[in-house]
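Numbered per UniProt numbering, the sequence shown spans residues 1 to 248.
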Amino acid sequence: MPLRLAILEADTPVPAANERYKGYLGVFTHLFARAVSPSTLDEAGLALTGHDVVHHPSTAYPDLDAVDAILVSGSKHNAFDDDDWITTLVEYVRKALLHPRVRVIGVCFGHQIVARALGALVARSDRGWEVSVVETRLTERGREVFGGRETLKIQQMHRDQVFSVPAGAELLASTDKCMNHGFVIPKRVITVQGHPEFTEDIMQEILELRHESGLFTDDVYQSGKARKGDHHDGVFMAQTFLRFLQEQ
Numbered sequence: 001m002p003l004r005l006a007i008l009e010a011d012t013p014v015p016a017a018n019e020r021y022k023g024y025l026g027v028f029t030h031l032f033a034r035a036v037s038p039s040t041l042d043e044a045g046l047a048l049t050g051h052d053v054v055h056h057p058s059t060a061y062p063d064l065d066a067v068d069a070i071l072v073s074g075s076k077h078n079a080f081d082d083d084d085w086i087t088t089l090v091e092y093v094r095k096a097l098l099h100p101r102v103r104v105i106g107v108c109f110g111h112q113i114v115a116r117a118l119g120a121l122v123a124r125s126d127r128g129w130e131v132s133v134v135e136t137r138l139t140e141r142g143r144e145v146f147g148g149r150e151t152l153k154i155q156q157m158h159r160d161q162v163f164s165v166p167a168g169a170e171l172l173a174s175t176d177k178c179m180n181h182g183f184v185i186p187k188r189v190i191t192v193q194g195h196p197e198f199t200e201d202i203m204q205e206i207l208e209l210r211h212e213s214g215l216f217t218d219d220v221y222q223s224g225k226a227r228k229g230d231h232h233d234g235v236f237m238a239q240t241f242l243r244f245l246q247e248q
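Below is the structure:
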């Protein structure tokens with residue numbers, strides 16, 4: 001039986017990316033397909049399903065007994081808000097965390113949602129945005145999880161962050177602007193603040209739209225634009241996610 005990974009889609013990608021990938025299920029399918037290449041996802045024993053938890057929260061969630069893992073995607077929304085669909089998502093993640101078999105992955109907003117479900121503080125940072133490719137410093141535990149590397153480069157798009165490490169979890173990485181860039185609970189949870197799934201094209205589109213809207217200053221936009229195409233470790237991180245999901 002394939003490993004059944006449910007992608008909880010907490011947003012819709014920006015327009016051109018959404019047209020290309022057909023939602024965050026498509027974005028993550030593209031990421032994991034590269035992570036298992038030259039095998040196909042079928043050959044690698046990985047089955048992904050998409051679940052729109054924003055627009056269909058009453059019907060979207062899969063039965064936890066019918067999946068092996070969930071991945072909570074990124075989002076433009078705030079993980080600390082109390083919109084009905086967000087509080088429903090937090091409660092569902094809490095149930096997943098209590099399930100004896102299901103494993104949990106959180107990406108950006110998803111990282112923050114998992115942290116909130118575990119009782120950590122999530123809030124707006126006064127240190128501003130982290131955007132485009134940023135180098136994160138791995139902790140000792142992070143180096144163990146990510147194969148001995150000292151640092152990881154990953155696409156970023158956030159100004160909210162998790163301000164503590166949840167009880168029972170171990171910190172994976174930090175930057176000067178953000179202490180908690182991910183955490184792990186062995187065989188239960190792995191999260192990252194960055195976006196391993198973002199390509200250069202996706203990052204470019206987000207930068208353009210947020211600059212045009214006035215959300216990004218010229219400085220944030222120009223800095224992000226200069227780094228959007230730098231090498232980043234997104235595929236490597238997806239391979240790490242797969243090892244986490246397959247660990248006995």
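For every residue, glycine included, the Cβ atom is placed at its ideal position computed from N, Cα and C.
For residue i, which three-state DSSP category applies?
i       : result
Arg-4   : strand
Lys-153 : strand
Val-90  : helix
Leu-64  : helix
Gly-106 : strand
Met-97  : At residue 97 the sequence reads Leu, which differs from the Met that was named. Leu-97: helix per DSSP, three-state reduction.
Ala-69  : strand
Glu-130 : strand
Val-165 : coil
Arg-116 : helix
Following the continuous beta strand (DSSP E) through residue i, name the residue where it begins and the one where it ends.
i       : result
His-51  : 46-52
Gln-161 : 160-162
Arg-124 : 122-124
Thr-191 : 189-192
Phe-183 : 183-185
Taking residue i as part of the alpha helix (DSSP H), name the residues at either end of that continuous run.
i       : result
Met-237 : 234-246
Leu-207 : 200-212
Ala-29  : For the sequence presented, residue 29 should be read as Thr rather than Ala. Its alpha helix (DSSP H) spans residues 24-36.
Glu-144 : 140-145
Val-220 : 218-227
Asn-18  : 15-21
Could you check if residue i is buried or exposed, using at least 16 other CB atoms within 10 Å of its CB as the buried criterion?
i       : result
Asp-52  : buried
Leu-205 : Sequence check: residue 205 is Glu here, not Leu. Classification for Glu-205: buried.
Arg-34  : exposed
His-56  : exposed
Thr-49  : exposed
Ala-173 : buried
Lys-228 : buried
Thr-217 : exposed
Ala-66  : exposed
Thr-191 : buried
Met-1   : exposed
Glu-247 : exposed
Leu-98  : exposed
How about the segment 228-244 and the segment 120-134: do they share at least three Cβ pairs that are nearer than 8 Å?
-> Touching, yes.
For the segment 89-96 and the segment 107-119, state whether three or more C-beta atom pairs, one from each stretch, are separated by less than 8 Å.
-> Result yes; three or more Cβ-Cβ pairs closer than 8 Å.
Any contact of the segment 190-205 with the segment 142-160, i.e. 3+ C-beta pairs under 8 Å?
-> With a cut-off of 8 Å, the segment 142-160 and the segment 190-205 count as touching, because enough Cβ pairs lie within range.
Hey, is the segment 172-192 in contact with the segment 138-148, meaning 3+ C-beta pairs nearer than 8 Å?
-> With a cut-off of 8 Å, the segment 138-148 and the segment 172-192 count as touching, because enough Cβ pairs lie within range.
Is the segment 99-112 touching the segment 65-81 in the sense that three or more CB pairs, one from each, lie closer than 8 Å?
-> These segments touch.
Could you tell me whether the segment 122-129 touches the segment 177-187, where touching means 3 or more Cβ pairs closer than 8 Å?
-> Output reads yes: the segment 177-187 touches the segment 122-129.
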